[in-house]
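> Questions regarding the structure given below will be posed in turn.
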Amino acid sequence: MTYRLFEEKHHASIYQRYRFVPPEEIREIILHYLERKVSQAKVVLLFGTGQNSHLLAPHFQEVVGIDISECQLEARAVAGFNITYRKGTAEELPFPDASGDLLTAASAAHWFDQQRFLLEAGRVLKPCGCMALLGFADNFRLHYECLFIQTFFIKIFYFTFI
Numbered sequence: 001m002t003y004r005l006f007e008e009k010h011h012a013s014i015y016q017r018y019r020f021v022p023p024e025e026i027r028e029i030i031l032h033y034l035e036r037k038v039s040q041a042k043v044v045l046l047f048g049t050g051q052n053s054h055l056l057a058p059h060f061q062e063v064v065g066i067d068i069s070e071c072q073l074e075a076r077a078v079a080g081f082n083i084t085y086r087k088g089t090a091e092e093l094p095f096p097d098a099s100g101d102l103l104t105a106a107s108a109a110h111w112f113d114q115q116r117f118l119l120e121a122g123r124v125l126k127p128c129g130c131m132a133l134l135g136f137a138d139n140f141r142l143h144y145e146c147l148f149i150q151t152f153f154i155k156i157f158y159f160t161f162i
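When the count follows full-length UniProt numbering, it moves up by one through the sequence shown with no breaks and lands on 162 for the last residue.
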């Protein structure tokens, strides 16, 4: 089931202001993989307001942020010449087959309909593409028996201590 939360303007603004940003080590893990497997990686697909786009945008020709909430898109974290944002869902991505080098979601994948999302990720990612799902807890389980593609999957949990 897909959840529709965080859609009010006030909530989107607070979410944008106080949500943790992924550490730079995550960028290094992703880029290390892509340098070995994908030549001239171009397209990154992100979910949410783009807090992790500042880590990745300098390394790619095109970065596209996707969110189901118009308010979250309006409150987007990062603007840039190579970053665009579109309204959409993780289960129905507005991209052609085999068009993305990297698909990443920071603290969002637990809201997705897993089976539909993984099938869609398999459709959109290029062969040997990379899917990096980031989160704050290690109790998230991803069942990817339905994913029959050559994709590198990174499940990273990052912890921030205040």
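Glycine residues also receive a C-beta, built at the ideal position from the N, C-alpha and C atoms.
Just so you know, these numbers come straight off a predicted model, no measurement behind them.
Which residues in the same chain have their Cβ closer than 7 Å to the Cβ of Phe161, if we skip the five residues on either side of it in sequence?
Residue placement at Phe161 is flagged as unreliable, the pLDDT there being 36, under the threshold of 50; the coordinate-derived value follows with that caveat. Cβ neighbours of Phe161 beyond the five flanking positions: none.
> Apart from the five residues just before and just after Asn52, which ones in its own chain have a Cβ nearer than 6 Å to its Cβ?
Pro22, Ala106
> In the UniProt domain "Methyltransferase type 11" (48-132), which residue ranges form an unbroken beta strand (DSSP E) of at least 3 residues, counting only runs that do not cross its ends?
62-67, 83-87, 100-106
> Report yes if the CB atom of Asp113 is closer than 8 Å to the CB atom of Glu91, and no otherwise.
yes
> Return the residue from the list Val63, Glu35, Phe117, Lys42 that minimises the CA-CA distance to Thr89.
Phe117
> For Glu25, count neighbouring C-beta atoms within 10 Å of its own C-beta (all shown protein chains included) and say buried if the count is 16 or more, exposed if not.
exposed
> If I measure Cβ to Cβ from residue 175 and keep anything under 7 Å in the same chain, skipping five residues before and after, which residues do I get?
Nothing about residue 175 can be reported from this structure: the residues present for the chain run from 1 to 162 only.
> From Gly65 to Leu46, what does the alpha carbon distance come to, in whole angstroms?
5 Å
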